[in-house]
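K.L.:
Following this message is one structure expressed as structure tokens.
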Amino acid sequence: MQTVRVFAFAAATLAAATASAWSADAPPGAASCSGCHSATQGVTTPVPRLNGRDAAQIVTAMTEFRTGKRPTTIMDRIAKGFTDDETKAIATWLAAQKD
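Each number in the numbering used here corresponds to the 1-based position in the sequence shown with 1353 added.
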């Protein structure tokens, strides 16, 4: 039971730290990325950081998730929730984010 509590606390702390690192000027939908994708370099996670990544790479990945070309556990469902314009806006914003 103690392990479960420690894990839950760690997960909640990671989510809070990551979400707070995303600025208020983010386009609609961008904050949903912060649940899994860390905004800070100091957080170690198997999920890749998106900040500073090339916008075209993000758009391509989202398109591949949406069409089923890229295997995933959850991103296919998330990608289907965004229009092409929303994806481009989020990708452009993420590319501009620096540490």
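Note that the Cβ used here is the ideal one computed from N, Cα and C, for glycine as well.
Quick one: is Ala1343 buried, meaning 16 or more other Cβ sit within 10 Å of its Cβ, or exposed?
P.N.:
Not covered by the structure: residue 1343. The range shown for the chain is 1354 to 1452.
K.L.:
For Ile1427, does the count of other Cβ atoms within 10 angstroms reach 16, so buried, or fall short, so exposed?
P.N.:
Exposed is the call here.
K.L.:
Arg1419: buried (16+ other C-beta within 10 angstroms of its C-beta) or exposed?
P.N.:
Arg1419 comes out buried.
K.L.:
May I ask you to report which of helix, strand or coil DSSP gives Arg1430?
P.N.:
Three-state result, Arg1430: helix.
K.L.:
Could you tell me the alpha carbon to alpha carbon distance between Gln1410 and Gln1450, rounded to whole angstroms?
P.N.:
Approximately 15 Å, taken between the alpha carbons.
K.L.:
In or out: Thr1397 buried (at least 16 other Cβ within 10 Å) or exposed?
P.N.:
The residue in question, Thr1397, is exposed, as its Cβ has fewer than 16 Cβ neighbours within 10 Å.
K.L.:
Report the three-state DSSP secondary structure of Val1412 (helix, strand or coil).
P.N.:
Val1412: helix per DSSP, three-state reduction.
K.L.:
Taking all protein chains shown into account, decide if Thr1440 is buried (16 or more other Cβ within 10 angstroms of its Cβ) or exposed.
P.N.:
Thr1440 should be labelled buried.
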